[in-house]
Amino acid sequence: MTATTVKRARDLGNRQPLRGIPAGAMTMVAFLSILAGFIGAAAYTHSAGYFVTFMTGNTERALLGWFDGDYLLAVGAISLLFAFGLGVFVASLLRRRLWRNGHYGASVVTTVALAAAVVVDYVVGRTGGQELDFVPIMFVAFAVGALNTAFVKNGEVSVPLSYVTGTVVKLGQGIESHVSGGSVRDWLGYGLQYAAFATGALLGGVMSMLVGGEMMLIVATGVSASAILATSRSNEPAP
């Protein structure tokens, strides 16, 4: 996904809102989706295959782990589910109580959680090789949960940044709507979300071949911190 693609989609969205994209938020949706994909890649490629963006997978791993007798896997998956949900809860609470700008608040909580993951990984140390310990991954899952609260409408998340399954479903529905007489706007927003997330995952995969897990977390923290600066200019209100 190139900057030109985002610009063209943004220009189209400015003329008439794209389905799935809040008005005027095209660039921010793309940026934060890339960040979500990158964070997920960083956690997955430098850990024991933990999902921090895929709670469907963690739910199945938690249940199947008990049936297979792999209780450590089951407990780990349940812990990640809890951390992710806690991130959503904390960011939503802070959004309601402290920050008028929801994009900014979600970026702050995400950055703090990622920075905590870096510190904890340094203090606790590594178990061996380039893999991250499980405790830092808990903080990463918390961060992704918080990031998903960046876009809220009527008190509910309107753009689930890491929920790619739902995005693909809506993309398919939008394409069908376009074919049946609708407009390209019916699916272009969802296509952008998916492409941005995939771009982030691709960048994370490439970087994982060059640096270790701790450095990837540091980079993700830096990118998230830059989102604070970008979102601080937004006037999007909390619900």
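Under our numbering, read the sequence shown as residues 238 to 476, first letter to last.
Built from N, CA and C at the ideal position, the CB exists for glycine as well.
Please read all numbers here as calculations on a predicted model, not as lab measurements.
| Query | Result |
| --- | --- |
| Going by DSSP, name the residue or residues bridged to residue 390. | 393 |
| On the DSSP letters alone, give me the boundaries of the alpha helix (DSSP H) that residue 418 sits inside. | Where residue 418 is concerned, there is no enclosing alpha helix (DSSP H), given that its DSSP letter is neither H nor E. |
| Taking only three categories from DSSP, how would you classify residue 461? | helix |
| Is residue 379 near residue 324, with beta carbons less than 8 Å apart? | yes |
| Can you tell me which of the three DSSP states residue 424 falls into? | helix |
| Short check: CB of residue 441 to CB of residue 282, under 8 Å? | yes |
| Thinking residue 345 and residue 465 are a contact (beta carbons under 8 Å), I'd like their distance in whole angstroms, please. | 6 Å |
| Less than 8 Å between the beta carbons of residue 383 and residue 327, yes or no? | yes |
| In or out: residue 351 buried (at least 16 other Cβ within 10 Å) or exposed? | buried |
| Decide if residue 423 is buried, meaning its Cβ has at least 16 other Cβ atoms within 10 Å, or exposed. | buried |
| Just the C-alpha distance for residue 304 and residue 293, rounded to the nearest angstrom, thanks. | 17 Å |
| Quick one: which unbroken alpha helix (DSSP H) runs of 4-plus residues sit fully inside the segment 275–360? Chain order, please. | 292–305 and 308–334 |
| Just checking my contact of residue 322 with residue 332 at CB under 8 Å: how many whole Å lie between their CB atoms? | Going by Cβ atoms, the distance from residue 322 to residue 332 rounds to 15 Å, so no, they are not a contact pair. |
| Would you check if there are 3 or more beta carbon pairs closer than 8 Å linking the segment 411–419 to the segment 371–378? | no |
| Spatial neighbours of residue 329 within its chain, please: C-beta separation below 6 Å, excluding the five flanking residues on both sides. | 386 |
| Return the first residue and the last residue of the alpha helix (DSSP H) that residue 375 is part of. | 371–384 |
| What does the Cβ neighbour count give for residue 402, buried or exposed, with the cut at 16 atoms within 10 Å? | exposed |
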